[in-house]
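Participant:
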Amino acid sequence: MEKIYVFGHKKPDTDSVTSSIALSYLKNQLGINTSPRVLGNPNNETKFVLKYFNVVEPKYLNDVKLEIKDLNYLKDCSLYSDNTIYDSFLYMNDNNIGSIPVVNRNNKLLGLVSLKDIAKHQINDEINSLMTSYTNIIRTLNAKEILKFDDEICGKIIVTSYSSSTFIENAKINENTILIVGDRHSIIEYAIKCKVKMIILTRNSFIKDEHIKLAKDNKINIVLSNESAFNTTRKIWLSNYLETIVLKDVVSLLDDQEVDDFLEIARKNKYTNYPVINKKNECSGILRLSDINDANRKKVILVDHNEKNQSVDGIEDADIIEIIDHHKIGNIDTTLPINFRNMPVGSTNTIIYSLYKEAKISIPKEIAGLMLSGIISDTLLFRSPTTTYMDKDAVIDLSKIANINYEEYGMQMLKAGSSLKGKTKEEILYNDFKNFTIDNRKIGIGQVLTLNIDEILKDKDDYISIINKIAYQNEYHMVALFVTDIINNGSYILYNDESKNIFENVFEIEELYQGYFLDKYISRKKQIIPNIIAALEKK
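First residue of the sequence shown? That's 332 in the numbering used here, and the numbers climb one at a time after it.
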């Protein structure tokens with residue numbers, strides 16, 4: 332069963348990470364194969380939570396862009412270098428492809444052979460040499476074994492196309508000669524005495540017993556072709572090893588290469604077939620240009636977000652099958668109808684708690700701990716105006732399952748999350764930073780929670796300088812950092828200078844200044860962003 336990735340937004344906070352884990356566990360219990368992922372490095376608060384409940388941090392997901400391995404190309408489509416040219420012709424003809432990868436016995440890519448290559452050799456080259464095996468000759472000519480002494484057959488091909496006397500007088504044959512002959516006994520005897528490498532008798536030919544005995548004494552390989560003299564001569568070259576004509580300088584593709592990169596490669600090279608390999612140079616098949624229209628898109632479930640710019644890179648290449656969120660409806664597009672659960676509650680985990688109840692799936696202790704942590708984090712231990720009775724009821728129930736005092740634990744968790752130790756100012760700004768686009772205007776809002784407000788405000792000028800730089804370099808209409816004081820239930824605002832008048836309108840302040848305290852403003856989702864949207868829409 333194909334695995335479905337469950338993940339939150341690019342700036343993973345506690346609600347985002349824990350809801351990914353909790354929902355993935357629920358889906359797996361319902362028989363749906365899922366795996367939680369993160370799109371970035373979890374913050375200190377989230378790391379505290381995972382360690383507290385002894386849960387492994389989800390793996391990092393870089394993107395869900397279409398890769399070569401997502402395409403339904405021809406898998407296991409290759410031939411060994413010791414297969415014959417004839418094998419490749421039949422394979423390509425049967426599978427309606429123009430080229431085939433050639434590999435060694437360890438499946439390492441050696442090169443490519445095409446129908447065009449075979450035709451070119453047949454028409455342009457003097458085909459008079461053979462490097463193959465006895466078995467390959469038997470298969471190619473549908474021949475019968477008469478005498479076999481060598482596994483490997485290498486030498487120059489000579490066809491007896493003139494009289495016996497002329498041949499014996501003029502032909503230079505030796506132990507490296509592969510002779511194609513009918514039942515011309517004097518020539519056969521002469522060839523045996525010259526100790527040729529092999530005698531290939533054409534269809535309906537007869538060889539005398541005395542010549543077989545003589546050939547056995549001289550260890551001459553003999554086969555009886557099932558083809559006419561003309562066809563035997565025409566097909567014998569096709570029994571050569573593929574390695575004799577393989578094109579080694581080929582353009583190959585890595586199986587984890589992005590399809591967009593492949594399209595650029597195809598545009599430059601204008602080939603129609605490309606071998607696909609892994610990082611060990613092992614060949615997995617061949618990709619035809621037409622295969623890009625047949626892809627197995629990655630399947631994903633989004634939690635705690637539904638904005639495209641907050642989601643994983645390449646989300647447009649994936650199939651979104653479900654969204655669980657408690658934010659405003661964003662701009663994520665889907666190709667098919669999906670399950671979308673959006674509720675005005677304080678945390679995504681509150682919604683997931685409801686899903687567990689609806690499905691009648693019991694919640695393990697550690698999952699309960701993660702879920703209540705997500706709710707406490709997003710509601711700031713019920714101090715946020717986003718808090719609902721559903722959030723409180725969920726935490727009370729989950730705390731019983733997890734067997735913890737949620738108030739004491741919640742303060743420990745918030746304290747761990749508000750620690751700024753070891754972080755640069757840029758890291759603090761971007762730790763919980765979200766991008767929004769309103770009427771084509773780019774807006775960036777960061778938020779940091781703290782129990783020690785002076786720790787940030789003492790470096791206020793440095794933060795303002797960084798904010799102005801970010802706004803200018805990235806063409807933001809507005810950038811702000813809201814420093815939320817958990818104890819005093821409000822936030823201090825630091826903003827780019829050019830947005831001063833806008834924020835005055837947003838919060839209806841007559842004279843705004845850097846570090847202004849916004850009493851009771853602690854929710855970006857329910858208070859700050861809606862005010863910004865309303866103010867900009869008035870303009």
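Glycine included, every Cβ here is placed at the ideal spot set by N, Cα and C.
#1: Identify, in the order they occur along the chain, each residue of the same chain with its Cβ nearer than 8 Å to the Cβ of D448, setting aside the five sequence neighbours on each side.
#2: Going straight from the alpha carbon of A502 to that of N414, what length do you get?
#3: Give the straight-line distance between the Cα atoms of T666 and F379, rounded to the nearest whole angstrom.
#4: Please classify E541: is it buried, with 16 or more other beta-carbons within 10 angstroms of its beta-carbon, or exposed?
#5: Does N505 pass the burial test, meaning 16 or more other C-beta atoms within 10 Å, or should it be called exposed?
#6: Can you give the Cα-Cα distance for D763 and G661, rounded to whole angstroms?
#7: Nearest to T718 by alpha carbon, out of Y356, I864, S854 and I769?
#8: Compare the beta carbon distance of V607 and D586 with 8 Å and say whether it is the shorter of the two.
#9: Suppose only complete runs of 3+ residues qualify. What are the beta strand (DSSP E) ranges in the segment 464-540, listed by chain order?
#10: Tell me whether V837 sits in a helix, a strand or coil according to DSSP, three-state version.
#11: Counting only the same chain and skipping the five closest in sequence on each side, list residues whose C-beta sits under 6 Å from that of S430.
#12: Roughly how many angstroms lie between the CA atoms of T533 and A626, to the nearest whole one?
#13: Name the DSSP beta bridge partners of E390, please?
#14: Use the C-beta contact count for R436: other C-beta atoms within 10 angstroms, 16 or more gives buried, fewer gives exposed.
#15: Look at L370 and L392 and say whether their C-beta atoms are less than 8 Å apart.
#16: Helix or strand or just coil, what does DSSP make of S347?
#17: Beta carbon of V676, beta carbon of D722: below 8 Å?
#18: Between the alpha carbons of N783 and D790, how many angstroms are there, rounded?
#19: Would you check if the segment 829-839 and the segment 740-760 touch, i.e. whether three or more CB-CB distances between them fall below 8 Å?
#20: To the nearest angstrom, how far is it from the Cα of N872 to the Cα of Y383?
#21: Taking the alpha-carbon of F767 as reference, which of K539, N473, Y336 and N640 has the nearest alpha-carbon?
#22: Mapping DSSP to helix, strand and coil, what is E333?
#23: Are K396 and D644 closer than 8 Å when you measure CB to CB?
Facilitator: Per the coordinate set shown:
#1: By 1-based counting over the sequence shown, the position of residue 448 is 117. Excluding positions up to five away in sequence, the list reads I576 and L578.
#2: Against the sequence shown, residue 502 aligns to sequence position 171. Against the sequence shown, residue 414 aligns to sequence position 83. One C-alpha to the other measures close to 31 Å.
#3: Sequence index remark: in the sequence shown, residue 666 carries index 335 (1-based). Sequence index remark: in the sequence shown, residue 379 carries index 48 (1-based). Going by the C-alpha atoms only, they are around 38 Å apart.
#4: The residue you call residue 541 lines up with position 210 of the sequence shown. Flag for E541 reads exposed.
#5: Counting from one through the sequence shown, the residue named residue 505 turns up at place 174. Under this definition N505 is an exposed residue.
#6: As a first step, residue 763 must be located in the sequence shown, where it is residue number 432. As a first step, residue 661 must be located in the sequence shown, where it is residue number 330. Distance between the alpha carbons of D763 and G661: 18 Å.
#7: Taking the sequence shown and counting its residues from 1, the one referred to as residue 718 is at position 387. Among Y356, I864, S854 and I769, the Cα nearest to that of T718 is on S854.
#8: In the sequence shown, counting from the first residue as 1, residue 607 sits at position 276. In the sequence shown, counting from the first residue as 1, residue 586 sits at position 255. Closer than 8 Å, so yes.
#9: 475-478, 483-490, 508-512 and 529-532
#10: If you number the sequence shown from 1, residue 837 lands on position 506. If DSSP states are grouped into helix, strand and coil, V837 belongs with the helices.
#11: What you label residue 430 is simply residue 99 of the sequence shown in a count that begins at 1. Only L443, S445 and N604 meet the Cβ criterion.
#12: Counting from one through the sequence shown, the residue named residue 533 turns up at place 202. Counting from one through the sequence shown, the residue named residue 626 turns up at place 295. Taking the straight line from one Cα to the other gives about 50 Å.
#13: To locate residue 390, count along the sequence shown from 1; it is residue 59. The residue you asked about is not Glu; residue 390 is Lys in the sequence shown. Per DSSP, R368.
#14: Here residue 436 refers to the residue found at position 105 of the sequence shown. R436 counts as exposed, since fewer than 16 other beta carbons sit within 10 angstroms of its beta carbon.
#15: Taking the first residue of the sequence shown as 1, we reach residue 370 at position 39. Taking the first residue of the sequence shown as 1, we reach residue 392 at position 61. Yes. Within cutoff.
#16: Residue mapping note: residue 347 aligns to position 16 of the sequence shown, counting from 1. Helix.
#17: Within the sequence shown, residue 676 is the residue found at index 345, counting from 1. Within the sequence shown, residue 722 is the residue found at index 391, counting from 1. In this structure, D722 lies closer than 8 Å to V676 by Cβ.
#18: Residue 783 sits at position 452 when you count from the first residue of the sequence shown. Residue 790 sits at position 459 when you count from the first residue of the sequence shown. Between N783 and D790, the C-alpha separation is close to 13 Å.
#19: no
#20: The requested residue 872 is not part of the displayed model; the chain covers only 332 to 870.
#21: Counting from 1 along the sequence shown, the entry for residue 767 is found at position 436. Comparing Cα-Cα distances from F767 to each of K539, N473, Y336 and N640, the minimum goes to N640.
#22: Stepping through the sequence shown from its first residue, residue 333 is reached at position 2. Note: E333 maps to coil in three-state DSSP.
#23: Taking the first residue of the sequence shown as 1, we reach residue 396 at position 65. Taking the first residue of the sequence shown as 1, we reach residue 644 at position 313. Contact flag set, yes.
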